[in-house]
């Protein structure tokens, strides 16, 4: 018959066995052997009823404590063994985490489109609409209404592409005809930009192309002066080239503005040379142009401006050759993604 | 135009350094492209090393046949010994001496050297060594009374700075030194010396009309023709000062007579021409339109054929000058010329421009005439040139001037310029006194008037200044725009993008996000593109807008499709070993229509090259029509459009692996595998697939209004899969369409998710698996409702397509 004195050794043997189990199977065997139904500890507990009444209390209490201690040790040991097993399994699933991640397609919006969008956003924020118009345009909108005199070199077939069999119809040499059309369609106040493709009969070389891109703008309102033009151009230059850009507004000549100006900016090129660079042309709308569209030139004043997107892209991004923009070469395109 | 500052200084002593002057000119409207220092560098006291010297003795060098040892007085206590190799070095000459330390153009500083054993402390200079025009055949022989020791720069223009000016097309008056001098006067206020245009004495024999007759048959193209005759001319080199100025201005000195005409042109802006009177048939001058194909051999040795829209200055027999552009060889002034005819005329600018372009012949003269010169100008130039011919060429002027003036010039216009208007346009307050002073300096007549000034326009500015606005510009540009305030208009515009612009922008961004690179290609293309794209002979897309004056055959017609441009770009990439890639372009195509063109906006995308394994974790999908379809669908989703594919028959696509994309009745685009022959035509290594989307179609098909919420969150959404067997020719899209229609409204979507072809379903049959999505927003469906909806679809598939359950 087991006695109170037998319990402590059984407990200690069980705890030692739990401790010694280094696999879940060994742990299960230890559980069956030491706290299973046929284990000595279980037999002591089931035999309590056969003990002397005075022994039942102390033996039962001690045996139960021993069983709980062993079961707690079993649970703790099981948790530890399971954690070890998971850790080992995870560790076994090792890889080279410096390999590339899953690919997501990386295309690019063309640099010219990026520059155009940037400028469009600048002008949209200033309340300008974006106007589109035909690229195949008539003589009146291309030249006459822009105050380009008969016989002016710009009208000659050496400068402008004409369409065969259509008298005077030409590929627009600037986006200004869109401004004329905008004025024909609306009354002041008018704030509009016209970005787009233009054509001039230049041979292709590093700085010329028979097809290039412009963004022109027009503002007509009461009380507009050269000061508003200057403010607008300076704002654009700062947005494009930085707040500290150095600039100068210099007189120039264009048929459709009077006075006419060019905005020059101080630019440091890739070789570190500081240059005055002509960024864009502009001026106060010529009263004759208002005459063509039926605006009252005494009541309204306006200004117009135009810039070459290709040129801005070339200067700002250090392109040595205009042709890069028109070749669809992915080695170029992906640099501006 | 090249402006030598030494020449300018003769008329206006502005007191500014070259860079400051350049800036003042630029800020008043004359852009300066370059400031170029010519000849002897002036910096660092270099000019002190250049002196006038007198050769006292010139003896044979003891050790060298070709060298002479000279004793030269340069104004010092004792003469210097200078060894010289020039053949003309001899005693008595007044010479140009560079002393040790002098820096000659493009050379290191001069030292004291020993030449064949004889020490030489200086150098006797030739013109070329000083950067002056000359043949370099000997040392300069100065014709001056200046004593030895005088700074050489006081007697010879050994220092010159040239401003390269960009003269705008409205200012032909500034294509002359005096015109620019007036600008400098206006900007700086420094006095402007008058232009001496006094006539020389006319002491030749007879009268000009006795020597030559003048007939102007085309007064519309030649509103004025003036000519004078000279006898006793001695042709030779022009004086050094004149040669130096011409050379600095970019013109080669030729002979005294020709140099005088060029010099006066550079001074006044009025081109002149000199004929050898004895080589002219008649002698007569006939100003007429050229005959058709009439030949002339111009001074550059080219034989040219003229046409009747060109103006020629002829003698009794043949053209002697293409008017205003270039003279003929055989009446040109040469060394033996003794009698001259000097022409100063006004020609129709556009005619000169057209002729010059047609012949591909531009000259200093044509560049001025093409801008249209006033009829008053020839008179001034003729007088100045006459005096120079008399003074420099020994000529005697024959009394009288041949002169035809088609119509008297218009009286000078007087224009009111209002002070208030000036300030309103310029945004600054310019006092009327300043405006008065500015306009006066610019040569306008100015009188006070109520509220402003009455301004009379001189003939030089007649074409340019016709209105108040032009005068406001004159006042403004001389004032400068540096102190114009920086203001912005008050915000009154309705700035926005149109729906079309917004869609184009979103599509562009989506295409880039899908991995495609945006390209910009030429919108004019070869006409042969239609052949390369396999267009049938009667295909309407062969009807193109053709340029009348293309640069080349490669840029001859406006494109009807954007694919050829992308195919060319793909080929270019493949030549650079980029075998696989994706390009797209958003732009227009152009078809003849109405008065102008039908310009339509498209997005075209081209996925080219074999799929390349680029990632370690998986293989790329096939570049086939389904790839293109996936790209197209992803793009259409930007517009909220889910297009259906329908059969299509474009010649440039694979005959049966292409589709038209439509949303309802609206065609939104096309997809396909590019035809192998088209790939070969463009040198593209396939496969290649393309997507073309019609932006107008997409806009038309796009749902309008804001998307509305449906409650599919609080109710279960069920799916049911149906596998059916149909004939192989039945398009999957037809089953889907039937399922959507028959199952509506509870069947919210139907999609094919599997396809099987093989022995189990029988020859000519295909098994398709459809997944139905079934729900009713806000309501939970019963099992019976779901089953009924699926059954309705199954029955409809059976009825319409003979679909059997599998």
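Residue numbers (the numbering used here), protein chains in the order written: chain P, 1 to 337; chain L, 338 to 1143. Even for Gly, the Cβ is constructed at its ideal location relative to N, Cα and C.
Contact check for residue 218 (chain P) and residue 192 (chain P): beta-carbon distance about 5 Å, within the 8 Å limit, so the pair qualifies. Across the set L:942, L:1104, L:806, L:423, the C-alpha of L:942 shows the shortest separation from the C-alpha of residue 962 (chain L). Between the alpha carbons of residue 860 (chain L) and residue 901 (chain L) lies a gap of roughly 10 Å. For residue 421 (chain L), no alpha helix (DSSP H) run applies; the uninterrupted beta strand (DSSP E) run containing it begins and ends at 417-421, by DSSP. By the neighbour-count definition (other C-beta atoms within 10 Å, threshold 16), residue 128 (chain P) is a buried residue. The straight-line gap separating the alpha-carbon atoms of residue 238 (chain P) and residue 312 (chain P) is approximately 13 Å. Annotation for residue 703 (chain L): the continuous alpha helix (DSSP H) segment containing it runs 701-706. Residue 468 (chain L) and residue 447 (chain L) have their alpha carbons spaced roughly 16 Å apart. Around the Cβ of residue 593 (chain L), a 10 Å sphere holds 16 or more other Cβ atoms; the residue is buried.
DSSP places residue 684 (chain L) outside both helix and strand once states are collapsed to three, so it counts as coil.
DSSP, read as helix, strand or coil, puts residue 143 (chain P) in coil. Separation of residue 930 (chain L) and residue 1132 (chain L) (C-alpha to C-alpha, rounded to the nearest whole angstrom) is 50 Å.
In the three-state DSSP reduction, residue 539 (chain L) falls in the coil class, being neither helix nor strand.
Nearest CB-CB separation between residue 307 (chain P) and chain L: not below the 8 Å threshold. If you look at residue 937 (chain L), you'll find it in the beta strand (DSSP E) that goes 934-945. Setting aside the 5 residues that flank it on each side, residue 548 (chain L) is surrounded in the same chain by 566, 614, 620, 735, each with a C-beta closer than 7 Å to its C-beta; the list follows chain order. Residue 79 (chain P) and residue 26 (chain P) have their C-alpha atoms spaced approximately 14 Å apart. Put simply, the backbone Cα of residue 1039 (chain L) is about 15 Å away from that of residue 835 (chain L).
In this structure, the alpha-carbon of residue 342 (chain L) lies about 7 Å from that of residue 497 (chain L). Chain-ordered, the chain P residues with CB closer than 7 Å to the CB of residue 809 (chain L) read 259. Here residue 1050 (chain L) is exposed: its Cβ has fewer than 16 other Cβ atoms, across all protein chains shown, within 10 Å. About 5 Å separates the beta carbon of residue 1107 (chain L) from that of residue 1087 (chain L), a gap short enough to meet the 8 Å contact definition.
Around the Cβ of residue 400 (chain L), a 10 Å sphere holds fewer than 16 other Cβ atoms; the residue is exposed. Under DSSP, no beta-bridge partner is assigned to residue 86 (chain P). When 8 Å is used as the limit between beta carbons, residue 1008 (chain L) is near no residue of chain P, the shortest such separation being about 18 Å. Taken through DSSP and simplified to helix, strand or coil, residue 693 (chain L) comes out as helix. Non-local C-beta neighbours of residue 379 (chain L) in its own chain, meaning closer than 7 Å and more than five positions away in sequence, comprise 496, ordered along the chain. The beta carbon of residue 145 (chain P) sits closer than 8 Å to the beta carbons of 177, 180, 289, 292, 293 from its chain, once the five residues preceding and following it are set aside; these are given in chain order.
With fewer than 16 other Cβ atoms inside 10 Å of its own Cβ, residue 829 (chain L) counts as exposed. For the pair residue 650 (chain L) and residue 622 (chain L), the CB atoms are nearer than the 8 Å cut-off. When 7 Å is used as the limit between beta carbons, residue 909 (chain L) is near these residues of chain P: 327, 328, 329, in chain order. It is roughly 13 Å from the alpha-carbon of residue 947 (chain L) to the alpha-carbon of residue 908 (chain L).
The beta carbon of residue 987 (chain L) lies closer than 7 Å to those of 995, 1007, 1009 in the same chain, with the five residues before and after it left out. Every beta strand (DSSP E) of 3 residues or more that sits fully in the segment 492-520 of chain L is shown, in chain order, as 496-503. Contact annotation: the segment 879-886 of chain L touches the segment 160-168 of chain P, with at least three C-beta pairs closer than 8 Å. In this structure residue 389 (chain L) does not touch residue 505 (chain L) by the C-beta definition: roughly 42 Å separates them, more than the 8 Å allowed.
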